[in-house]
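A.B. asks: Read in order, the letters of the sequence shown correspond to residues 12 to 241 in the numbering used here.
Beta carbons are placed, not taken as given, at the ideal position from N, Cα and C, and that holds for glycine.
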Amino acid sequence: MDHQFTGIPELTETPRVAVVVDVMRAFTVAAWAFSRGAERIVLASTEREALALKEGGGDWLALKDGAPAPGFDAVNSPALLRSADFGGRTLVQKTTAGTVGALAVAQAPLVLCASFAVAGPTARYLRSRAAGPVTFVVTGEDGRAEEDLACAEYIARRVDGDGADPAPYVHRARTSRAAGELAEGLRAGSHPDDVALCLEVDRFPFAMVAGQEGPLTVLRPVAVPAAEAD
Ligand SMILES: O=C(O)[C@H](CS(=O)(=O)O)OP(=O)(O)O
Ligand SMILES: [Mg+2]
């Protein structure tokens with residue numbers, strides 16, 4: 012199918028179907044947060060907005076990338092929140108690339124946020140909706156982040172029904188600049204296990220669908236049954 016792969020700066024018009032990919036780490040983190048019980052994730056455009064949303068939300072929690080900061084409850088690390096209890100909670104998430112990409116296409120009729128952790132369910136969700144050609148937003152490094160492009164291409168293959176071997180795509184992500192920086196501890200708010208968790212394929216059985224809820228852009232998990240062949 013004639014899918015498109017684009018960086019955030021190249022987004023000139025609202026796509027019909029968008030899959031926003033951030034492997035390291037925003038949408039691996041989001042998937043882990045849902046697996047730890049989060050009910051929904053509100054995407055914020057700035058740290059100030061994230062804190063204001065948390066303040067107005069009652070028992071909401073706020074998460075940002077980079078170093079821990081006052082007012083924020085968590086950082087953008089899958090390993091650091093893999094044993095958290097987010098049962099029934101609303102999280103507000105703000106990161107450098109992933110949440111920015113999702114907000115850039117928030118007005119599209121169908122928006123999914125994805126990483127390797129939810130690659131299969133994301134592809135199955137799109138196939139079940141006969142979604143047609145997809146615009147993949149490669150969020151990192153102005154569209155050149157190898158881990159995001161590899162994941163986007165892998166999901167595209169699965170949308171098209173090819174029984175793609177994930178190994179070469181995961182290898183590209185493992186040898187990406189982002190993986191190197193995370194492995195060397197150069198990124199604040201990280202854990203040595205982050206890269207490994209970001210490279211797990213189909214760890215979770217849900218896709219992550221973003222929608223407009225009043226003035227908010229909200230990410231929710233949607234269970235997608237496994238298919239016999241996908
Ligand atoms: O937290 C991340 O991995 C990055 C920010 S940085 O590159 O570490 O500064 O944000 P993301 O939006 O998840 O790519
Ligand atoms: Mg990233």
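DSSP three-state call for Arg231: helix, strand or coil?
C.D. replies: On the sequence shown, position 220 is the one that residue 231 refers to. It is a strand residue.
A.B. asks: What is the DSSP secondary structure of Leu64, counted as helix, strand or coil?
C.D. replies: Here residue 64 corresponds to residue number 53 of the sequence shown, with the count starting at 1. If DSSP states are grouped into helix, strand and coil, Leu64 belongs with the helices.
A.B. asks: With a threshold of 7 Å on Cβ separation, who are the neighbours of Ala108 within its own chain once the five nearest residues in sequence on each side are excluded?
C.D. replies: The residue labelled residue 108 in the question sits at position 97 within the sequence shown. Asp33, Ala37, Thr150 and Gly151, listed in sequence order.
A.B. asks: Taking 7 Å as the cut-off, is the beta-carbon of Gly109 closer than that to any non-hydrogen atom of ligand 2?
C.D. replies: For this step, residue 109 is matched to residue 98 along the sequence shown. Within the cutoff, so yes.
A.B. asks: From which residue to which residue does the alpha helix (DSSP H) around Arg183 run?
C.D. replies: Residue 183 sits at position 172 when you count from the first residue of the sequence shown. Looking at the DSSP string, the run of the alpha helix (DSSP H) that includes Arg183 is Ala178 to Arg185.
A.B. asks: Considering only residues of the region 85-166, which uninterrupted alpha helix (DSSP H) runs meet the minimum length of 4 residues and lie entirely inside it, listed in chain order?
C.D. replies: You should have 109-115 and 130-139.
A.B. asks: Where Glu224 and Leu137 are concerned, what is the direct C-alpha to C-alpha distance, given to the nearest angstrom?
C.D. replies: In the sequence shown, counting from the first residue as 1, residue 224 sits at position 213. In the sequence shown, counting from the first residue as 1, residue 137 sits at position 126. Rounded to whole angstroms, Glu224 to Leu137 spans 21 Å at the Cα level.
A.B. asks: Rounded to whole angstroms, what is the Cα-Cα separation between Asp84 and Val129?
C.D. replies: Residue numbering aside, residue 84 sits at position 73 when the sequence shown is read from its first letter. Residue numbering aside, residue 129 sits at position 118 when the sequence shown is read from its first letter. Rounded to the nearest angstrom, the two C-alpha atoms are 24 Å apart.
A.B. asks: Would Ala73 and Val122 be called neighbours here (beta carbons separated by less than 8 Å)?
C.D. replies: For the purposes of this step, residue 73 is taken as residue 62 along the sequence shown, with counting starting at 1. For the purposes of this step, residue 122 is taken as residue 111 along the sequence shown, with counting starting at 1. Going by C-beta atoms, Ala73 is not nearer than 8 Å to Val122.
A.B. asks: Arg100: buried (16+ other C-beta within 10 angstroms of its C-beta) or exposed?
C.D. replies: For the purposes of this step, residue 100 is identified with residue 89 of the sequence shown, where counting begins at 1. When all chains shown are included, Arg100 counts as buried.
A.B. asks: Just curious, the alpha helix (DSSP H) that Phe215 is in, first and last residue?
C.D. replies: As a first step, residue 215 is located in the sequence shown; it is residue number 204 there, counting from the start. Careful: Phe215 lies outside any alpha helix (DSSP H) and carries neither H nor E.
A.B. asks: Can you tell me the Cα-Cα spacing of Pro79 and Thr25, whole angstroms?
C.D. replies: The sequence position of residue 79 within the sequence shown is 68, counting from 1. The sequence position of residue 25 within the sequence shown is 14, counting from 1. Taking the straight line joining both Cα atoms gives about 34 Å.
A.B. asks: Which whole-angstrom value describes the C-beta separation of Ala119 and Ala29, a residue pair presumed to lie in contact below a C-beta threshold of 8 Å?
C.D. replies: Taking the first residue of the sequence shown as 1, we reach residue 119 at position 108. Taking the first residue of the sequence shown as 1, we reach residue 29 at position 18. About 5 Å; that satisfies the 8 Å criterion.
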